[in-house]
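Engineer:
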Amino acid sequence: MINWIWLGLIVFGVVIAAATGRMDVLTKAVFDAAKTAVELCIGLIGIMALWLGMMRIAEQAGLTAILGRILRPIMVRLFPDVPADHPAMGSMISNIAANMLGLGNSATALGLKAMQDLQSLNPDKETATDAMVIFMAINTTAITIIPATVIALRVSAGSTNPTSIIGTTLIACSTATVVAVTSAKLLQRHRAYRREQSHE
Amino acid sequence: MSEQFSQLAQEASNWAIPVIFVLIVVFGAIKRVKVYEVFVEGAKEGFNVGVKIIPYLVAILVGIAIFRSSGAMDFLTAGLAPLLEPLGVPPEVLPMAFIRPLSGSGALGVMTEGMKTHGADSLIGNMLSTMMGSTETTFYVLAVYFGSVGLRKTRHALPACLLGDVAGLTMAIVICNLVFR
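For the record, the sequence lines run as chains A and B. Heads up: the first sequence is residues 35 to 234, going by this note's numbering. Heads up: the second sequence is residues 47 to 227, going by this note's numbering.
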């Protein structure tokens with residue numbers, strides 16, 4: 035599917051730009067985007083190193099295992115293919131917790147640590163596992179308890195009630211999470227997405 | 047009251063990371079982990095992860111840049127607005143629905159612009175804010191996470207996550223129509 039969407043973005047975009055005479059804008063945007071991508075990755079290196087270091091200490095001290103144990107009943111159900119005591123459980127929980135607290139880049143770094151742990155369980159290093167997709171479903175619909183950035187922007191836009199959206203946001207993003215996780219669970223058995231013959 | 051609350055939230059996120067660091071280091075020391083040495087050992091991997099993501103992120107961000115800069119979104123918005131307006135979807139929030147999974151900064155821009163034009167406390171202002179928080183920048187997250195471990199075959203990840211986005215954005219519109227109208 036990602037192949038089709040990527041193709042679509044490029045072809046549809048270029049055709050529309052040609053029709054509306056925006057080829058100059060598009061060309062500039064392409065090179066800016068390529069540059070931004072590298073800057074984002076470089077920016078992530080320091081934060082990544084910091085959290086990988088911290089998580090290594092947490093792991094050796096047995097902290098991540100404790101985290102994993104607390105939420106064991108839920109985690110085992112969500113990720114039946116991951117052994118209950120595996121470090122991946124602890125790092126996934128730290129990522130989800132960091133996302134809930136709105137810790138941005140730190141959450142990303144912890145999430146990438148979790149992906150490494152999940153990848154260590156993966157027999158086919160090029161194809162996503164069921165557990166990874168469930169983890170991505172939770173992650174791309176991240177539940178934030180307090181959407182701090184949105185609240186701050188509402189304050190600066192002159193809102194008299196900047197926190198009014200906390201309740202509605204929670205309802206909307208929990209809906210998103212439930213639907214994404216359920217879809218992942220249902221689709222993983224679908225013929226087109228089964229691991230042996232996944233062709234995407 | 048809500049002003050204080052948002053300050054409190056800000057304060058809490060300022061505290062979270064230092065407190066976590068202290069917890070980890072102290073707990074490690076109690077368990078006789080050689081904290082400095084182990085930290086450095088773990089941190090070594092940071093560079094590789096960052097570099098590994100580059101090709102994935104270039105691919106996704108360039109695709110999204112082409113789509114956005116072409117004006118294709120205005121096209122889609124104009125086409126869908128008359129169909130969705132009777133269902134309670136104000137045309138002003140449609141750009142947000144399209145851009146939210148594609149670009150975080152783009153979505154923030156749409157939100158800020160919309161609040162400036164219509165007022166932060168209007169139905170549209172509240173709806174844009176809720177849509178902003180209802181889901182994540184799916185394409186970016188998938189590229190970074192899968193890229194970091196070198197996965198190319200993503201199986202059902204994109205369809206599942208996009209269904210989640212649609213559900214979250216739809217729920218944001220529905221709930222705001224009920225609460226803020």
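Glycine included, each C-beta is placed from N, C-alpha and C at the ideal position.
#1: Rounded to whole angstroms, what is the Cα-Cα separation between S232(A) and S198(A)?
#2: Following the continuous alpha helix (DSSP H) through I130(A), name the residue where it begins and the one where it ends.
#3: Please classify K199(B): does DSSP put it in a helix, a strand, or coil?
#4: Compute the beta-carbon to beta-carbon distance between G155(B) and L43(A), rounded to the nearest angstrom, for a pair I have assumed lies under 8 angstroms.
#5: If we define contact as Cβ-Cβ less than 8 angstroms, is T176(B) a contact residue for chain A?
#6: Does H120(A) get closer than 8 angstroms to chain B when you measure Cβ to Cβ?
#7: Locate the alpha helix (DSSP H) running through I81(A), then write down its first and last residues.
#8: In whole angstroms, what separates the C-alpha of A71(A) from that of S151(B)?
#9: DSSP puts T161(A) in a beta bridge; with which residues?
#10: On the three-state DSSP scale, how would you describe E131(B)?
#11: Is G96(A) close to chain B? Criterion is C-beta to C-beta, closer than 8 angstroms.
#12: In whole angstroms, what separates the C-alpha of L224(B) from that of E160(A)?
#13: So for I66(B), helix, strand or coil by DSSP?
#14: Does the beta carbon of L126(B) come closer than 8 angstroms to any beta carbon on chain A?
#15: Measure the C-alpha to C-alpha separation of I70(B) and W38(A) and round it to an integer number of angstroms.
#16: Specify, as a first and last residue, the run of the alpha helix (DSSP H) that D115(A) falls within.
#17: Nearest-angstrom Cα distance between G214(B) and F73(B)?
#18: Do we get a CB-CB distance below 8 angstroms when we pair L86(A) with the residues of chain B?
#19: Terminal residues of the continuous alpha helix (DSSP H) containing V190(B)?
#20: For A141(A) and chain B, any beta-carbon pair shorter than 8 angstroms?
#21: Could you please tell me which residues of the stretch 171-191 of chain A, in chain order, have their CB closer than 8 angstroms to any CB of chain B?
#22: Just to make sure I have the definition right: I need the residues of chain A whose C-beta is within less than 8 angstroms of the C-beta of M217(B). Which are they?
#23: Could you round the C-beta distance between S125(A) and T98(A) to whole angstroms and report it? I think they count as a contact, below 8 angstroms.
#24: With a threshold of 8 angstroms between beta carbons, is T123(B) in contact with chain A?
#25: Answer yes or no: does any C-beta atom of chain A fall closer than 8 angstroms to that of N223(B)?
#26: With H, G and I counted as helix, E and B as strand and the rest as coil, what does DSSP make of A218(B)?
#27: Of the residues M82(A), G102(A), Y227(A) and S217(A), which one's Cα is nearest the Cα of I168(A)?
#28: In angstroms with no decimal places, state the Cα-to-Cα distance between V95(B) and P132(B).
#29: Please check the pair A166(B) and Y102(B), which I expect to be a contact at CB under 8 angstroms, by giving their CB distance rounded to whole angstroms.
#30: From the DSSP output, in three-state form, read off N60(B) for me.
#31: In the DSSP assignment, the alpha helix (DSSP H) including T198(A) goes from what residue to what residue?
#32: Pick helix, strand or coil for Q153(A), following the three-state DSSP scheme.
#33: Counting contacts by CB-CB distance shorter than 8 angstroms, is M109(A) in contact with chain B?
#34: Give the C-beta separation of L135(A) and I179(A) to the nearest angstrom, bearing in mind that I take them to be a contact with Cβ-Cβ under 8 angstroms.
#35: Can you give the beta carbon distance from A141(A) to T175(A), rounded, assuming they're within the 8 angstroms contact cut?
#36: Is the shortest distance between the beta-carbon of V167(A) and the beta-carbons of chain B less than 8 angstroms?
Structural biologist: Reading off the structure:
#1: Residue placement at S232(A) is poorly supported in this model, since its pLDDT is 45, which falls under 50; the coordinates are not used for a value here.
#2: P121 to M134
#3: strand
#4: About 19 angstroms; that fails the 8 angstroms criterion.
#5: yes
#6: no
#7: M57 to Q94
#8: 13 angstroms
#9: K199(B)
#10: helix
#11: yes
#12: 45 angstroms
#13: helix
#14: no
#15: 44 angstroms
#16: First-last for D115(A): undefined, no H or E at that position.
#17: 39 angstroms
#18: yes
#19: T184 to S194
#20: no
#21: A171, N173, T174, T175, A176, T178, I180, P181, A182, T183, V184, I185, A186, L187, R188, V189 and A191
#22: I205, A206, T209 and A210
#23: 6 angstroms
#24: no
#25: no
#26: helix
#27: S217(A)
#28: 47 angstroms
#29: Incorrect: roughly 36 angstroms between the Cβ atoms, too far for contact.
#30: helix
#31: Residue identity differs from the one stated: residue 198(A) is Ser in this sequence, not Thr. Careful: S198(A) lies outside any alpha helix (DSSP H) and carries neither H nor E.
#32: helix
#33: no
#34: 7 angstroms
#35: Contact doesn't hold; Cβ gap of about 13 angstroms is too wide.
#36: yes
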